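The structure appears right after this line, and notes come after that.
In my numbering, the protein residues as written are 310 to 383.
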């Protein structure tokens with residue numbers, strides 16, 4: 310996943326999803342990279358979404374979700 314995220318996307322995610330917290334971004338991307346199934350990713354993302362109060366129309370969240378789906382649909 311980390312390799313699929315471009316520099317612009319990285320800063321979009323850090324700013325929009327993680328409130329500028331690069332350490333939290335890195336931790337979560339590492340945790341997502343470690344997951345082996347899309348089911349695990351979906352569960353983890355749902356927990357994050359609730360915890361972080363992300364909305365369904367958040368463009369950064371939509372883009373991150375697209376990248377995750379692409380990772381598992383190779």
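Glycine included, each C-beta is placed from N, C-alpha and C at the ideal position.
Quantities reported herein were computed from a predicted structural model and do not represent experimental measurements.
Query raised in the report: When you compare only the Cα positions, how much space is there between residue 329 and residue 339?
Result: Straight-line Cα distance between these residues: approximately 17 Å.
Requested in this report: Note down, one range per segment and in chain order, each alpha helix (DSSP H) of at least 4 residues found wholly within the stretch 319–371.
Outcome: Listed in chain order, the complete alpha helix (DSSP H) runs (minimum 4 residues) inside the stretch 319–371 are 331–343, 347–361.
Query - Member of 368, 373, 314 whose CA lies at the smallest distance from the CA of residue 353 - result: For residue 353, the nearest C-alpha among the options comes from 373.
Query raised in the report: Taking buried to mean at least 16 other C-beta atoms within 10 Å of its own C-beta, is residue 371 buried or exposed?
Result: Around the beta carbon of residue 371, fewer than 16 other beta carbons lie within 10 angstroms, which makes this residue exposed.
Requested in this report: Give every residue of the same chain whose Cβ lies closer than 6 Å to the Cβ of residue 381, excluding the five residues on either side of it in the sequence, and list them in chain order.
Outcome: Close CB contacts of residue 381 within its chain, under the 6 Å cut and outside five residues either way in sequence, are with 347 (chain order).
Query - For residue 310, three-class secondary structure by DSSP - result: In this structure, residue 310 counts as coil in the three-state DSSP scheme.
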